[in-house]
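Here is the structure we will look at.
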Amino acid sequence: MRVADHIVRLPRPFDPERGEAAAQTVSDLAGEVRALVVGAAGCSPYLAGLIEKEAEWLPGALEDMEVALADVLALPKAGMSDVRPALRQAKRRVALLAGLADLAGAWALEDVTHALTQLADMACEVALSTAVDEQVRRGRLPNKDVGLFVLAMGKMGAFELNYSSDIDLICLFDETRFDPGDYVTIRKGCVRAVQDMSRILSDLTEDGYVFRTDLRLRPDPSVTPVVLSVGAAERYYESLGRTWERAAYIKARPCAGDIAAGEAFLKEMRPFVWRRHLDFAAVQDAHDMRLAIRAHKGTGGPITLPGHDMKLGRGGIREIEFFTQTRQLIAGGRDTDLRVRDTVSGLNMLASKGWVPAATAETLTDHYRFARTVEHRVQMYRDAQTHKLPGSDEGFERLAAMMDTDRPSLEADLKERLSEVHAETEGFFAPDAKAAEPRAALDDAMQARWRSYPALRSERGAALFDRIEPMLVSRLSLATKPQEALSAFDGFLAGLPAGVQLFSLFEANPQLVDLLVDIVGTSPALAHYLSRNASVLDAVIGGSFFDEWPGCSALTKLAKARLDTEPDYEAKLDAIRSWAKEWHFRIGVHHLRQLTTATEAGRQYSDLARAGVAALWPAVQEHFAKRHGPPPGRGGVILGMGSLGAGHLTPQSDLDLIVIYDPSDADCSDGARPLTVGAYYARLTQAMITAVTAQTAQGRLYEADMRLRPSGNQGPVATGWSSFQRYQKEDAWLWEHLALVRATVVAGPDALARDVEEFRQAIIQQPRNAGAVLRELADMRTRIAAAKQPASIWDPKIGAGRLQDIELLAQAGAVLTGEIRAGVRHGLDACVAAGILNDVDAQHLADTHALLWAVQIASRLLSTSAVDLDTLGSGGQDVLLRAVGRNTRAEAEAHLAETIDRAARLIDAATKGGEQG
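Mapping the sequence shown onto my numbering, position 752 (from 1) lands on 752, and the numbers just tick up by one.
Given below as structure tokens:
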């Protein structure tokens with residue numbers, strides 16, 4: 001790449017004589033290339049000096065800049081005495097090449113910063129390697145393989161080094177490679193090596209310096225050595241790490257030494273940097289850092305150009321970096337695509353994911369590149385580590401000449417850009433306080449006790465709540481019954497264990513307050529769920545909360561992908577619970593807001609449960625296999641029974657499960673601790689039930705019920721395939737065959753799943769005596785009625801003419817006609833085919849089931865116990881009335897009574913046909 005072919009701008013020589021003098025030292029310069037050298041030297045005494053020192057090398061370098069750069073960056077092989085001049089020569093050449101390419105516009109900003117960072121990487125590697133070799137030679141380290149590595153932080157980590165940047169480094173070593181008794185000796189050797197590395201890079205010699213090094217980003221630098229062990233660093237960040245350190249690690253990368261050890265450390269640091277929840281509390285932390293920097297550096301004043309700090313001042317580079325990094329911290333724990341190091345890529349990714357408007361990202365990117373370009377020109381003048389605009393007229397004239405513009409245009413451009421950046425970023429970190437909305441006179445006594453609740457006991461939590469309380473109370477006052485809504489919110493707030501994250505979330509996303517008021521004023525059960533699982537609100541603003549339902553297959557893939565991100569078994573159990581909670585909340589909100597029907601909500605709850613079980617089963621088997629070997633034979637499947645198998649669950653349904661395994665010819669497992677086949681699958685099944693039902697830090701996934709397995713609680717917890725077939729053929733009761741109508745394999749190997757499904761169909765299709773089936777069905781109804789009566793007209797499940805009653809009749813119709821498809825509608829059609837019902841009666845039963853299912857879903861969404869309209873708020877009552885399709889309670893109860901009574905009479909008549917037979 002010839003520089004002559006890519007010149008798009010030329011600096012004007014501020015000091016033409018100085019520029020000409022420097023150009024005359026270089027042979028074979030002509031045309032625009034000579035004008036570039038004259039302009040650069042005439043504006044920058046530093047570049048003029050470099051041109052004169054590298055006069056012989058420069059012409060060839062400008063003929064092919066890429067080859068010249070690669071040659072300079074090749075690792076020099078030199079000892080302690082030779083490495084200093086070699087690295088300083090490399091620094092001169094890269095600085096000169098990058099400076100000229102930058103001034104000419106031949107390299108983009110990213111090309112310039114990348115070249116400077118590559119130089120820093122090479123220099124750190126050479127300096128560290130040389131220093132370690134010296135410690136090995138002196139016997140202070142046993143060998144070079146001591147697990148010592150250097151992390152590039154800040155701009156170096158992100159390949160964004162500026163023209164006269166220092167380099168921020170953190171140096172660590174892996175202490176686990178050595179015996180504890182050698183720890184002190186190894187650490188001393190590593191400390192000496194890093195000190196030598198720093199001196200090699202930063203000492204000012206007759207050849208200059210390479211990079212000023214800053215080792216103060218390490219944990220607690222005032223009392224810790226320049227090298228820490230990995231374990232010490234991890235303990236510090238786990239217990240004392242602050243938000244600014246999390247932000248710093250966004251850009252961190254290993255640049256020298258044991259790169260693999262550095263990558264392993266950064267992998268361990270991910271949970272510290274990237275929080276699982278949307279971390280809006282980081283906004284206030286970042287704003288506090290901005291204010292602290294302004295106070296410490298004195299950069300908080302208005303934008304006046306002379307002496308303005310392009311990095312730390314208002315509208316400066318740091319504002320854009322904080323804006324970008326804070327948004328990355330907010331959402332990067334949930335979206336790994338946001339975990340990019342450099343600022344421009346961060347803005348682009350945030351825009352592509354909807355976290356920043358595309359126009360905002362484009363504007364800030366343009367301003368960022370311009371500010372960095374100005375920063376480079378300021379630093380090129382004398383290779384000074386400064387970020388301040390000139391304080392004199394002469395300085396501004398020189399800067400304008402370097403940028404090939406005039407001073408008035410430059411000043412106007414700077415003022416406009418700095419002001420626009422400040423307005424955009426200040427609006428994010430510290431939006432102007434809005435006038436409080438009209439506040440209704442609510443319950444002052446109730447509101448006064450809020451300060452005693454756990455979520456407001458911390459100073460920060462209370463301060464955040466003080467800022468959002470007017471908005472909350474205003475929204476509550478607009479409810480149909482404000483006092484009732486306030487009381488419901490009081491219950492939510494009382495159950496909230498902590499508040500900082502949630503209150504930060506509400507402050508940053510006021511639209512969520514409307515959703516919260518809607519929930520607490522309508523569904524006490526969902527409000528209680530939300531108070532215990534507030535992190536599910538992250539999903540609402542994650543971008544896809546209101547998208548179309550993905551379906552069971554896609555959910556299963558998402559669940560498996562979520563589990564794959566976790567390193568250990570316990571973390572996987574927490575992960576599947578956290579993942580399921582968000583989807584569970586989504587289903588409830590969608591139905592509460594009438595975005596889905598009751599039938600759709602029931603199917604979605606079922607899809608979610610099936611996906612969770614399907615994703616968890618392989619993880620449980622993998623963990624179990626570490627001790628006892630992989631599943632022997634053909635493996636095991638999980639058969640979903642009841643509502644799970646039928647594909648419609650409520651928000652509070654437990655899971656009816658049966659595990660069927662086929663040992664084939666295996667007698668025992670093949671593992672470190674082998675088990676007989678029966679014991680293996682029994683213990684594996686217990687492990688799965690524990691994985692589903694255990695209370696972890698994220699709660700319980702589901703309650704599980706295994707009583708539908710052959711012989712119920714008296715039978716083995718896992719059933720062999722041959723035993724299952726024999727039992728169903730020879731010993732099963734009718735109700736067990738009816739249960740198979742709704743059975744579906746939800747997890748396990750496909751081959752065994754197909755066999756189980758074929759057998760299920762064969763059982764359903766076997767010939768039966770209709771009279772005997774209906775007589776037994778009548779007996780079952782009698783036993784159910786004797787065991788339990790409906791709690792009220794609003795109890796949709798148990799009782800004559802209600803959900804269970806209709807489902808049993810539909811299942812009887814299925815086994816009488818060999819109808820293998822699950823679903824009440826298919827079963828009722830089968831009853832018509834069997835002559836048990838006519839079309840009109842079947843339609844009434846189908847309509848009754850749909851009506852009662854709507855009540856069932858609504859009831860379980862509103863309350864964790866039997867619904868009581870006398871104590872249910874008006875919002876909850878409206879949900880139930882909407883489910884029944886009536887305007888008043890009296891109308892709804894009359895409609896339910898009439899509909900259920902007719903359904904009961906129809907089922908009575910159908911089953912009496914069996915008695916007559």
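Heads up, the beta-carbon is just placed ideally off N, CA and C, and yes, glycines get one too.
Source: prediction; values computed, not measured.
Proximity to A55 [Cα-Cα], best of R754, T243, R34 and D406 = Here residue 55 refers to the residue found at position 55 of the sequence shown. Checking every option, the nearest Cα to that of A55 belongs to R34.
Might you give, ordered along the chain, the residues of its own chain that have their beta carbon closer than 8 Å to the beta carbon of R918, omitting 5 neighbours on each side?
Nothing can be reported for residue 918: it is not among the residues displayed for the chain, which extend from 1 to 917.
- Task: State the Cα-Cα distance for the pair L464 and F503, rounded to the nearest angstrom.
- Result: Counting from one through the sequence shown, the residue named residue 464 turns up at place 464. Counting from one through the sequence shown, the residue named residue 503 turns up at place 503. Rounded to the nearest angstrom, the two C-alpha atoms are 6 Å apart.
#### Entry: Nonlocal neighbours in the same chain, by C-beta distance under 8 Å from L880, ignoring five residues either side
Reading the sequence shown from its first residue, position 880 is the one you call residue 880. W794, V855, A858, S859, L862, V867, L869, L872 and A892, listed in sequence order.
Subject >> Cβ-Cβ separation, L29 to I7 (assumed contact under 8 Å), whole Å >> reply: Stepping through the sequence shown from its first residue, residue 7 is reached at position 7. Stepping through the sequence shown from its first residue, residue 29 is reached at position 29. That belief does not hold up - the Cβ atoms of I7 and L29 are roughly 13 Å apart, past 8 Å.
When you compare the CB positions of L845 and A903, do they come within less than 8 Å of one another, or not?
By one-based count along the sequence shown, residue 845 stands at place 845. By one-based count along the sequence shown, residue 903 stands at place 903. Contact annotation: L845 and A903 have beta-carbon atoms nearer than 8 Å.
If you draw a straight line from the C-alpha of R314 to the C-alpha of M156, how long is it?
-> Against the sequence shown, residue 314 aligns to sequence position 314. Against the sequence shown, residue 156 aligns to sequence position 156. Rounded to whole angstroms, R314 to M156 spans 23 Å at the Cα level.
Inset, instruction - Give the DSSP-derived three-state secondary structure of A747 in the structure shown. - result: As a working mapping, residue 747 is identified with position 747 in the sequence shown. Looking at A747 - three-state DSSP - the assignment turns out to be strand.
So, at 7 Å on beta carbons, what are the nonlocal neighbours of L493 in its own chain, with the 5 sequence-adjacent residues on each side left out?
For this step, residue 493 is matched to residue 493 along the sequence shown. Short of 7 Å from the beta carbon of L493, and not among the five residues preceding or following it, lie these beta carbons of its own chain, in chain order: W450, Y453 and A455.
request  = Determine the closest residue to R84 out of S531, G645, V126 and V677, with distance taken between C-alpha atoms.
outcome  = Translated into the one-based positions of the sequence shown, residue 84 becomes position 84. R84 has its Cα closest to that of V126, out of S531, G645, V126 and V677.
Let me confirm a value: N769 is counted as buried when at least 16 other C-beta atoms fall within 10 Å, else exposed. Which label applies? Position 769 of the sequence shown, counted from the start, is the residue given in the question as residue 769. Exposed, by the Cβ-count rule.
Q. By the 10 Å Cβ neighbour count, where 16 or more other Cβ atoms means buried, how is A527 classified, buried or exposed?
A. Here residue 527 corresponds to residue number 527 of the sequence shown, with the count starting at 1. Looking at its Cβ environment, which holds 16 or more other Cβ atoms inside 10 Å, A527 is buried.
### Task
Note the first and the last residue of the continuous alpha helix (DSSP H) segment covering P76.
The residue you call residue 76 lines up with position 76 of the sequence shown. No alpha helix (DSSP H) holds P76; DSSP gives it neither H nor E.
Practice problem: Can you tell me which of the three DSSP states T556 falls into? | Solution: Within the sequence shown, residue 556 is the residue found at index 556, counting from 1. Correct three-state label for T556: helix.
Under the DSSP definition of a beta bridge, which residues are partnered with R253? Locating residue 253 in the sequence shown gives position 253, counting from the first residue. Its beta-bridge partners are A152.
Review point. Do R253 and R341 have their C-beta atoms within less than 8 Å of each other?
Key: In the sequence shown, the residue the question calls residue 253 occupies position 253. In the sequence shown, the residue the question calls residue 341 occupies position 341. Result yes, Cβ atoms of R253 and R341 sit closer than 8 Å.
Reducing DSSP to helix, strand and coil, say where L172 ends up.
By one-based count along the sequence shown, residue 172 stands at place 172. Strand at L172.
What residues in its chain sit with their C-beta under 8 Å from that of R88, if we drop five residues either side in the sequence? On the sequence shown, residue 88 is found 88 positions in, with the first residue counted as 1. Taken in chain order, the residues that qualify are T205, D207, G208, Y209 and V210.
CA nearest to the CA of I658, picked from M688, R627 and A718 = As a first step, residue 658 is located in the sequence shown; it is residue number 658 there, counting from the start. Per the C-alpha coordinates, the member of M688, R627 and A718 positioned closest to I658 is A718.
Have a look at I820 and T360 and give me their C-alpha separation to the nearest angstrom.
Indexing the sequence shown from 1 puts residue 820 at position 820. Indexing the sequence shown from 1 puts residue 360 at position 360. If you take the alpha carbons of I820 and T360, they lie about 57 Å apart.
Quiz item: Can at least three beta-carbon pairs, one atom from the stretch 565 to 579 and one from the stretch 654 to 669, be found at a separation below 8 Å?
Solution: no
Next item on the list: Would you kindly work out how many angstroms separate the C-alpha atoms of Q804 and S345, rounded to a whole number?
Entry: Residue mapping note: residue 804 aligns to position 804 of the sequence shown, counting from 1. Residue mapping note: residue 345 aligns to position 345 of the sequence shown, counting from 1. Rounded to the nearest angstrom, the two C-alpha atoms are 57 Å apart.
Discussion item. Using only the alpha-carbon positions, how far apart do V230 and R246 sit?
Written reply: Numbered from 1 along the sequence shown, position 230 holds the residue referred to as residue 230. Numbered from 1 along the sequence shown, position 246 holds the residue referred to as residue 246. Their Cα atoms are separated by approximately 16 Å.
Q: On a CA-only basis, which of A488, S392 and D214 is nearest T304? Give me that one, please.
A: Position 304 of the sequence shown, counted from the start, is the residue given in the question as residue 304. If we check each option's Cα against that of T304, S392 comes out closest.
(Q) Starting from I660, trace the beta strand (DSSP E) in both directions and tell me its first and last residue. (A) Taking the sequence shown and counting its residues from 1, one reaches residue 660 at position 660. Taken as a continuous stretch (DSSP letters only), the beta strand (DSSP E) holding I660 covers L655 to D662.
Check your understanding: Taking the alpha helix (DSSP H) that V112 falls in, what are its first and last residues?
Key -> The residue given as residue 112 occupies position 112 in the sequence shown. Looking at the DSSP string, the run of the alpha helix (DSSP H) that includes V112 is L109 to R137.
Item to check | Own chain residues within Cβ distance below 8 Å of M1, not counting five before or after | outcome: For the purposes of this step, residue 1 is identified with residue 1 of the sequence shown, where counting begins at 1. Setting aside the 5 residues that flank it on each side, M1 is surrounded in the same chain by D64, M65, E66 and A106, each with a C-beta closer than 8 Å to its C-beta; the list follows chain order.
message: Let's test the definition: count the other Cβ atoms within 10 Å of the Cβ of N162 and tell me whether it reaches 16, buried, or not, exposed.
response: For the purposes of this step, residue 162 is taken as residue 162 along the sequence shown, with counting starting at 1. It is buried - the Cβ of N162 has at least 16 other Cβ atoms within 10 Å.
Answer yes if the stretch 694 to 706 comes into contact with the stretch 661 to 678, meaning at least three C-beta pairs across the two stretches below 8 Å, and no otherwise. With the cut-off at 8 Å, the stretch 661 to 678 and the stretch 694 to 706 do not touch.
Check your understanding: Between the Cα of T25 and the Cα atoms of A41, E600 and M446, which residue gives the shortest distance?
Key -> Stepping through the sequence shown from its first residue, residue 25 is reached at position 25. Comparing Cα-Cα distances from T25 to each of A41, E600 and M446, the minimum goes to A41.
What residues in its chain sit with their C-beta under 8 Å from that of V648, if we drop five residues either side in the sequence?
Within the sequence shown, the letter at position 648 stands for residue 648. In the sequence under discussion, the amino acid at residue 648 is His, which differs from the Val named in the question. Setting aside the 5 residues that flank it on each side, H648 is surrounded in the same chain by T599, G602, R603, Y605, S606 and W853, each with a C-beta closer than 8 Å to its C-beta; the list follows chain order.
Of the listed residues P482, V473 and V520, nearest to L496 (C-alpha basis) = Your numbering for residue 496 matches position 496 in the sequence shown. Checking every option, the nearest Cα to that of L496 belongs to V520.
Using only the alpha-carbon positions, how far apart do R212 and R372 sit? For the purposes of this step, residue 212 is taken as residue 212 along the sequence shown, with counting starting at 1. For the purposes of this step, residue 372 is taken as residue 372 along the sequence shown, with counting starting at 1. Rounded to the nearest angstrom, the two C-alpha atoms are 19 Å apart.
ask   = Sorted by chain position, which residues of the same chain lie with C-beta nearer than 8 Å to A751's C-beta, five sequence neighbours on each side aside?
value = As a working mapping, residue 751 is identified with position 751 in the sequence shown. Hits under 8 Å: R634.
Handout entry: D102, DSSP secondary structure in three states
Key = In the sequence shown, residue 102 corresponds to position 102, counting from 1. Helix.
**Prompt:** Curious, which full-length beta strand (DSSP E) runs of at least 3 residues does the stretch 451 to 532 contain?
**Reply:** Here no run is fully enclosed.
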